[in-house]
Structure formats: structure tokens, C-alpha cells
Amino acid sequence: MSEDTDAQAADAADAAGQAPDHEALSRALQFLMGDAEIWRPRILMSAVRLGVFEALAAEPIDPDALAGRVGAAPEGGLRLLRALKEMGYVEEDGDGRFANAFVSRHFLDPASPYYVGSWFLLNDADWPAWGGLTQTIRTGAPPDAGSIFVNPARLAPLLHAAHERARLFHVGELLQDLDLRGAGALLDLGGGLGTYALAFCETYPDLVCTLFDLPAAIDLARAEIARYPFADRVRLVAGDFNRDELGGPYDVVFMSNVLHGEPPDSAQALLARARRALAPDGRLVLRDSFLQDDGVNAFNGAVFGLTLMIETEAGRTYERRAVKEMLAQAGFGAIEEPSAKLMVAHAG
Ligand SMILES: C[S@@+](CC[C@H](N)C(=O)[O-])C[C@H]1O[C@@H](n2cnc3c(N)ncnc32)[C@H](O)[C@@H]1O
């Protein structure tokens, strides 16, 4: 029997007032307890924050040396290493020295091209804000911790995390789903570290991208972009996209994971501003965690909706149909939907 059929049978038994069978209870309990433990992610956040995987990268070291290098108390360092060993992130040799396990070597050592440690740094930086979730759900008010966009200690790991994840999982897919041949000027609005602008410039040698973002983000992007040979085709503009001039006309305005940071009124206004920045035959490309009509999607969009309650003033994930209405309201014409995460709206 499939999981769905199992769940339906268990629901039917409950509805009929029958006692649930042992297997159904056991499966439900396993499902629940999978979400009950915060220990493992919390331990990884501390290990990454302390720089444990970086310290272990060069050569195997003993717990005292590790504690000295990362600024931990000897007892704390030892317990952390043992916990990481139990969890499968470090290995111990016969002489009591510890080294990174395969997963940490490739994904948690900052020198690795596949580093994704910023996700743990972001969650660590957001940790106090998550403590306010219940209150935010109760009141609906902006989080006490404020918006992630105005706090450099949270913005930097957010941008690095988005960059690392996009390079591993999203860029290749996007380049397949989106054809930018013929475009000469592209505005990457709220472009973060320039992940997509860089990928577009690499793929389309005649394209010039303007990366528009908040001043603190542009400072971080400048350092990242300078590493690429086509850096001269990524222009950097620091500003507030709700207030400042966006420039143009552009053939393409690209907004990835930006709309969900704004409440409906400013999201609507931003779409109108994007349209004004486009050439008459230009296109707006929205990439986001669009919800289905029932308010969820296959990539945790509703869960992300709650994350936005602790990370932003009033951001939210939008239902696909709501976005289409906003686009029409902003004066856009035909809309294409190349994938679940993309919408392409034509200016005319
Ligand atoms: C979730 S990040 C997305 C980054 C990138 N586009 C991506 O998809 O990985 C949202 C971006 O919007 C920027 N942003 C937020 N509010 C902004 C504002 N008022 N003006 C300009 N940029 C803003 C943030 O700094 C951040 O780079």
C-alpha cells in the first residue's frame, strides 16, 4: 500500500470510530518525532559558527587543539566533537584526533566549491527571531527582531546562503527554463550577490546586467563579482527599489525571491515600477515560491510564509493567481509560466 492509501485507511478508521491499528499509530509517531528534534540542526549551527569544519580541514587534530583554535572551553569542544562524530560529521582516528567526514569536507569547509555553511550561519543569526514566532503569529505584527534586510549581521548570511544554494540547485534549471537570447540590457532587481546576473552574463556574451540592491548588499556583491572575468558587464547600483530610480529602459527585469519580501501594496507598486523600467517589448521575469490556489506548494512555500513573518516586516508568499492579478493591474500583457517557480510577463 502507498503512504497515501495508508493515511486514507487510517483516517477512515478514525472516522468510523474504530481504534487505530498499531502500525498506523507507529507511522504517525515516527512522522511526528522527525519534526520534534531541534538538537542536530542547532549543534551544526554552533559548529559552523565556531569554525569547527574549517579548523579540521587542514589536518586531523585533537580536542584540546580544536578547542584552542575555535575559542571553545576544552569540555565544550570535546562534547561538540563527540556529538558531531555521533551525527556523522566528523571522524576520529585511533590516536584521538578528529577530521572532517565526507559530507563536511565537501559542504561545510569554506574552501570547498560546494560550501553551503551559510545556511547554518543564517539560521544561527535568525535564532533569536524564531523565538518570537508564537508572538508574531498571535499578533500579526512585524517581528520584534525587525527586518533581515536592515540588519547586516543577518543580511550577509542570507545573501551568502541564497548564493550558495542557487549555484548548487537553481542556476542550471533557470538557464534551461529561460531563454534570454536577443536581450541586451537586464536589470537584476534585488539581485543579492549577483548569482543570476553572473550566470546570465556568462551564458549570454552580449548581455549587460545591472544589479540593483541595498547598499550593504551591493558592498558584498562587489567582492563576489570581482572574481569573475566578465565582472565589467555587471553594473552595480545601490538603492532602495521602493523609492529610488531603477534606470532603464531594460529588455528584461529579473526579480528572484524579491516579491515575497514585500506586502501586497508595495509588491503591487514594485511591479508597476519594474514595468516602467522596461522597454516597450521588454519582459519581467519573476522567480519565486508561488503558492497554488490552496495556499501550499511542493517546495515548502507555506512553511516559508511563516519564515517571512520572522524575517521581514510584512513579506509573504503569494498565490500564483494573486501575482497574475497584480501583473495585470500593473499593466502587463501576456504571461508565460515556464515552470512552477517562474512567471514571464510581457510589458506590452
Ligand atoms: C531573498 S534575497 C534574493 C536575492 C537574489 N535575487 C536571489 O534570488 O538569490 C532578496 C534581495 O532583495 C534585496 N532587497 C530587499 N529590500 C530591498 C529594497 N528595498 N531595495 C533594494 N533591494 C532590496 C535584499 O537585499 C536581497 O538581496
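Going left to right, the sequence shown walks through residues 6 to 353 as the working numbering numbers them. All residues carry an ideal CB built from backbone N, CA and C; glycine is no exception. The structure presented is a predicted model; accordingly, all values stated were derived computationally and were not measured.
Taking only heavy atoms of ligand 2 into account, decide whether any of them is closer than 8 angstroms to the Cβ of residue i.
i, result
"Ser261", "Ligands in the displayed structure: ligand 1; ligand 2 is not one of them."
Please name the residue or residues paired with residue i in a DSSP beta bridge.
i, result
"Val351", "Looking at the sequence provided, one finds His at residue 351 rather than Val. DSSP, once it has assigned bridges, lists Arg288 as partnering His351."
"Thr215", "Leu192 and Arg240"
"Asp64", "The question names Asp, but residue 64 in the sequence shown is Glu. In DSSP, Glu64 forms no bridge with anything."
"Val258", "Leu192 and Leu289"
"Val53", "Bridge partners of Val53: none, in fact."
"Ala344", "Checking the displayed sequence, the identity of residue 344 turns out to be Ser instead of Ala. BP columns for Ser344 point to Leu347."
"Glu97", "Phe103"
Which one of the options has the shortest CA to CA distance from residue i?
i, options, result
"Leu173", "Gly195, Tyr201, Arg292 and Leu34", "Tyr201"
"Phe205", "Ser117, Tyr233, Glu96 and Ile43", "Tyr233"
"Leu126", "Ala146, Tyr119, Arg54 and Phe103", "Arg54"
"Phe103", "Ala70, Val121 and Gly76", "Ala70"
"Ile48", "Asp129, Pro68 and Ala62", "Asp129"
"Ala272", "Val257, Pro285, Gly287 and Leu291", "Leu291"
"Glu229", "Glu169, Ala24, Arg186 and Val95", "Glu169"
"Pro210", "Ala188, Glu341 and Gly177", "Ala188"
"Tyr94", "Gly82, Gly81, Pro147 and Ser109", "Ser109"
"Ala222", "Glu59, Leu194 and Ala333", "Leu194"
"Gly199", "Met314, Leu183, Phe58 and Phe235", "Phe235"
"Glu342", "Asp184, Ser152, Phe304 and Phe309", "Asp184"
Please report how far the alpha carbon of residue i lies from the alpha carbon of residue j, in whole angstroms.
i, j, result
"Asn302", "Phe295", "7 angstroms"
"Ala166", "Gly99", "36 angstroms"
"Ala319", "Ile142", "12 angstroms"
"Leu86", "Ser117", "21 angstroms"
"Phe246", "Asp256", "18 angstroms"
"Gly353", "Thr312", "35 angstroms"
"Phe112", "Ala24", "46 angstroms"
"Met6", "Arg32", "Caution is warranted here: a pLDDT of 48 is assigned to Met6, below 50, making its placement in the model unreliable, and the coordinate value is therefore given only provisionally. Going by the C-alpha atoms only, they are around 13 angstroms apart."
"Ala226", "Asp26", "56 angstroms"
"Ala339", "Val349", "8 angstroms"
"Gly287", "Gly253", "11 angstroms"
"Thr144", "Trp44", "28 angstroms"
"Met50", "Asp67", "21 angstroms"
"Arg159", "Phe58", "21 angstroms"
"Ala231", "Glu324", "37 angstroms"
"Ala354", "Gly82", "In this structure the chain extends from 6 to 353, so residue 354 is not present and cannot be described."
"Leu330", "Leu276", "Leu is not the amino acid found at residue 330; the sequence shown has Glu there. Computed Cα separation, rounded: 11 angstroms."
For the segment 220-256, list the alpha helix (DSSP H) runs that are entirely contained and at least 4 residues long, ordered along the chain. 220-230
Tell me whether the segment 203-220 and the segment 235-247 touch, counting them as touching only if at least three CB pairs, one residue from each stretch, are closer than 8 angstroms. yes
Counting only runs of 4+ residues fully inside the segment 101-177, write out the alpha helix (DSSP H) ranges in chain order. 107-112, 123-135, 138-144 and 157-170
Which runs of the alpha helix (DSSP H), 4 residues or longer, sit entirely within the segment 283-341? 306-316 and 325-334
Using 8 angstroms as the cut-off, can you tell me whether the segment 261-269 makes contact with the segment 311-325, which would need three or more C-beta pairs spanning the two stretches below that distance? yes
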